[in-house]
């Protein structure tokens, strides 16, 4: 075997361990089972979404003995979220095979380290400053201008752990509130973007790397609402976004998937906002719309199989289902024309995650709307009324 194709190969029939039992692990398991792999997940939640389709070790994520059990059962281990306990990560790496390693987690768990790594890849990020005092926050906010965004360096997702400063009068309150997290803070200059984009890239131990088509993302209350593919942007910008994601995957030595979230300004500039070293909500559209889903691609990558084609087969809009959308969904699900709307030319593919309690703003599932024109899918979303109370 040549150096280019080197690396351990996990053949179908092997067991993939997943640290985390949420919906990403569930969809990863469903894709991998089709390829002949077995799965075991570690998660503290009884009957977790992934545990419904895989064997489950029910234990806390910092449970060392549970981590050792996961390692003993697994031929390869992956994770479905970033905030993995460092001690557990070290044990898994010592006692099992974790091709994603710990360095990428170390980088992406911390916003300052992440930004520096992105810059080292030659990719632009929004201007930022490390904040260690209220005085530093005030100085940086004056320099960047308002609005600007103060974030905790660790933790936080779906808009948590951040404060948009709309005036300098908020400096004291923002600093006092976020500094309670007892972690470093980072202030980012606000990018007046035209669109939010994301690209999912995959890289294998043999060095093969591929990117999925760029998605145009629309957020509501800092939670992803829709992903539109093809993104409604010029083709050269789509290609540039995909090339940036590939550059980051190669520079960071990614194994598996890396989700690259971007801002696009009106003058065509791209800035990286955040990274996620795992399958990503904005990549769910790939499940029906691409030759290979992001979940199958992740399995291929961590098992060191050749990567699949990322070709887009059909325009698609992915729309998230949150807790408040489940009751209206159930009211319409059996209605003729809901899943197959011939008048609009839209085919709806429903994915529910098996979560027991439909809490407000909790991700419960998603729908992929396959169509020949994304505007038809957006019309379908509007006409159903399910998402009226966004």
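Residue numbers (the working numbering): 4 to 393. Glycine residues also receive a C-beta, built at the ideal position from the N, C-alpha and C atoms. Owing to the predicted nature of the structure, the values given are computational and were not obtained by experimental measurement.
{"query": "Using only the alpha-carbon positions, how far apart do residue 399 and residue 48 sit?", "result": "With the chain represented from 4 up to 393, any question about residue 399 goes unanswered, as that position is not in the structure."}
{"query": "Residue 175: buried (16+ other C-beta within 10 angstroms of its C-beta) or exposed?", "result": "exposed"}
{"query": "What's the C-alpha gap between residue 6 and residue 380?", "result": "Its pLDDT being 35, under 50, residue 6 is placed unreliably in this model, and the coordinates cannot settle the point."}
{"query": "Beta carbon of residue 292, beta carbon of residue 248: below 7 Å?", "result": "no"}
{"query": "Give the DSSP-derived three-state secondary structure of residue 192 in the structure shown.", "result": "strand"}
{"query": "So, with DSSP's three-state summary, where would you put residue 78?", "result": "coil"}
{"query": "Is it true that the CB of residue 216 sits closer than 7 Å to the CB of residue 27?", "result": "no"}
{"query": "Relative to the C-alpha of residue 284, which residue among 334, 315 and 371 is closest?", "result": "371"}
{"query": "In this structure, how does DSSP classify residue 266 when only helix, strand and coil are distinguished?", "result": "strand"}
{"query": "Judging by CA-CA distance, which residue of 58, 373, 244 and 74 is the nearest neighbour of residue 95?", "result": "74"}
{"query": "Can you give the Cα-Cα distance for residue 218 and residue 18, rounded to whole angstroms?", "result": "32 Å"}
{"query": "So which of 65, 337, 149 and 347 has the shortest CA-CA distance to residue 22?", "result": "65"}
{"query": "Go ahead and pull the three-state DSSP assignment for residue 397.", "result": "With the chain represented from 4 up to 393, any question about residue 397 goes unanswered, as that position is not in the structure."}
{"query": "Starting from the Cα of residue 253, find the closest Cα among 241, 220 and 124 and give me that residue.", "result": "124"}
{"query": "Return the first residue and the last residue of the alpha helix (DSSP H) that residue 254 is part of.", "result": "238-254"}
{"query": "Would DSSP call residue 7 helix, strand or coil?", "result": "Because residue 7 sits at a pLDDT of 38, beneath the cut-off of 50, its placement in the model cannot be relied upon, and the following sentence gives the value as read from the coordinates. Helix at residue 7."}
{"query": "Compare the Cα-Cα distances from residue 317 to each of 302, 295, 364 and 303 and report the closest residue.", "result": "295"}
{"query": "I need the straight-line Cα distance from residue 144 to residue 181, nearest angstrom please.", "result": "15 Å"}
{"query": "Keeping to the same chain, check which residues put their C-beta closer than 6 Å to that of residue 280; ignore five residues upstream and five downstream.", "result": "107, 111 and 261"}
{"query": "Closer than 7 Å by C-beta to residue 348: which residues in its own chain qualify, once you throw out the five before and the five after it? Chain order, please.", "result": "374, 375 and 379"}
{"query": "Can the beta-carbon of residue 177 be found closer than 7 Å to that of residue 113?", "result": "no"}
{"query": "Taking only runs that begin and end inside the stretch 90-163, name each unbroken alpha helix (DSSP H) of 4 or more residues, in chain order.", "result": "106-111, 114-123 and 137-147"}
{"query": "So what does residue 274 bridge to, in DSSP terms?", "result": "266"}
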